[in-house]
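Under our numbering, the first residue of the sequence shown is numbered 18, with each subsequent residue one higher.
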Amino acid sequence: MKKRNAVISFALVMSLPLVGCSQSTTSQTESGQETGNKPTETPKEEKKIVLKLGHGTASSSLFHAGSVKFKELVEAKSNGQIQVNIYTDGQIGHDKDLIDFMGNNNVQMGMIGVEPLMTLLPKLQVVGMPYIFPDRETAYKVLDGELGAEMVEALPAEHGVRVLSFFESGFRHVSNSKQAIELPEDLQGLKIRTPQNPVSLSIFKSFGSNPTPMSFGELFMALEQKTVDGQENPLALIYASKFHEVQAHIALTSHTYSPMALAISEKQWSSLTPELQKVVQEAANEARDDERKLSAEQEADFVQKLETEGVKISKPDIAPFKEATKDVHKEFDDGYGADFYEKVMKATSD
Numbered sequence: 018m019k020k021r022n023a024v025i026s027f028a029l030v031m032s033l034p035l036v037g038c039s040q041s042t043t044s045q046t047e048s049g050q051e052t053g054n055k056p057t058e059t060p061k062e063e064k065k066i067v068l069k070l071g072h073g074t075a076s077s078s079l080f081h082a083g084s085v086k087f088k089e090l091v092e093a094k095s096n097g098q099i100q101v102n103i104y105t106d107g108q109i110g111h112d113k114d115l116i117d118f119m120g121n122n123n124v125q126m127g128m129i130g131v132e133p134l135m136t137l138l139p140k141l142q143v144v145g146m147p148y149i150f151p152d153r154e155t156a157y158k159v160l161d162g163e164l165g166a167e168m169v170e171a172l173p174a175e176h177g178v179r180v181l182s183f184f185e186s187g188f189r190h191v192s193n194s195k196q197a198i199e200l201p202e203d204l205q206g207l208k209i210r211t212p213q214n215p216v217s218l219s220i221f222k223s224f225g226s227n228p229t230p231m232s233f234g235e236l237f238m239a240l241e242q243k244t245v246d247g248q249e250n251p252l253a254l255i256y257a258s259k260f261h262e263v264q265a266h267i268a269l270t271s272h273t274y275s276p277m278a279l280a281i282s283e284k285q286w287s288s289l290t291p292e293l294q295k296v297v298q299e300a301a302n303e304a305r306d307d308e309r310k311l312s313a314e315q316e317a318d319f320v321q322k323l324e325t326e327g328v329k330i331s332k333p334d335i336a337p338f339k340e341a342t343k344d345v346h347k348e349f350d351d352g353y354g355a356d357f358y359e360k361v362m363k364a365t366s367d
């Protein structure tokens, strides 16, 4: 199924108009037939740059809200020279597909979860460590500073993708269709879908559950058909994706903080003038701040909405969950370097 979805996504990408380059100057009739006549251009005319921006979630998600804000800002700041076309719901691929497509510049931009990036960037795995960020403000300080830049600095050269800024998906919580979760022992034996990265697998093994990596695009059906018992995601994404319609219980474990990354093809980035690169970066940062504010404001609302729609929400003491996962980082220290982990830990406590 995953391979078939990736093939379909790639076929759709390639069937879309080529973008990221100058617009065609070949005129057409109303029926779409080319006349072969080329309109006259003035030497000073600027050609519009059209960017495809994809994400794998619904139009009601924070992924989309951040994408729309970026589109509005970059189009305004560039005086219309840059146009952003947004594709939702995995129309042109989900996270891993988008990373590949951006590497080849078949898709110019993506709003993606950082979890798939962790398999490419060992230092980014630090972000996924359980309970490393006590609050969102601390996460912002780390991600927006030198340590955040260091986590993704190898991505352009090694994979042809550049992270412009870290947006917010939120703290991750556990849902399931069987029982309330009050202690880590309540997760034992439950088949929990996780993102396809080793950190998430290790966390849920520590809880005693049966972690099952799966692409996001396959998740709703797997929950509905009870192929898996549950999953873990931020409340905003749970609600936007309607997982609560097939999950009776949510436990507010806050076991990891989950940012998302606004990324651009390195080929596309390199083709922009320094002035337009500045415009794109400024728009990304301003959209990030706006989306983070929206995320924080919405979190309490989602608890109420989910409860209103019949979901049973538990608020367990997180101390036993912290204790169960305290050694997870040791499995990954060799990859990103124990000294780097200590630097991040120091930054979270300063």
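Note that beta-carbon positions come from the ideal geometry of N, C-alpha and C, so glycine has one too.
These figures come from a predicted structure and were not determined experimentally.
If you check the CB distance, H190 and T74 do not come in under 9 Å. When C-beta atoms of the region 129-147 are compared with those of the region 272-279, three or more pairs fall below 8 Å, so the two segments count as touching. Annotation: the region 89-148 contains the following complete segments of the alpha helix (DSSP H) (minimum length 4 residues), in chain order: 112-120, 132-135. DSSP links N250 through a beta bridge to H190. The beta carbons of Q264 and E132 sit no closer together than 9 Å. The residue from F319, Q294, H111, E340 with its alpha-carbon nearest to that of G71 is H111. For the pair L115 and A280, the CB atoms are nearer than the 9 Å cut-off. Contact between R153 and A313 is confirmed by a C-beta separation of about 7 Å, below the 8 Å threshold. For M119 against G177, the beta-carbon gap comes to about 7 Å, under 8 Å, which counts as contact. Boundaries of the alpha helix (DSSP H) around T365: 355-366. By the Cβ criterion, the region 208-224 is not in contact with the region 88-103, since fewer than three pairs of Cβ atoms, one from each stretch, lie closer than 8 Å. Per DSSP, reduced to three states, the secondary structure at F80 is helical.
Beyond the five residues adjoining it in sequence on each side, A355 comes within less than 7 Å, by CB distance, of no other residue in the same chain.
About 5 Å separates the beta carbons of A197 and H266, which is inside the 8 Å limit, making them a contact pair. According to DSSP, K339 shares a beta bridge with no other residue. Under the three-state reduction of DSSP output, K64 falls in the coil class, being neither helix nor strand. By the CB criterion at 9 Å, K64 and Q100 fall outside the cutoff.
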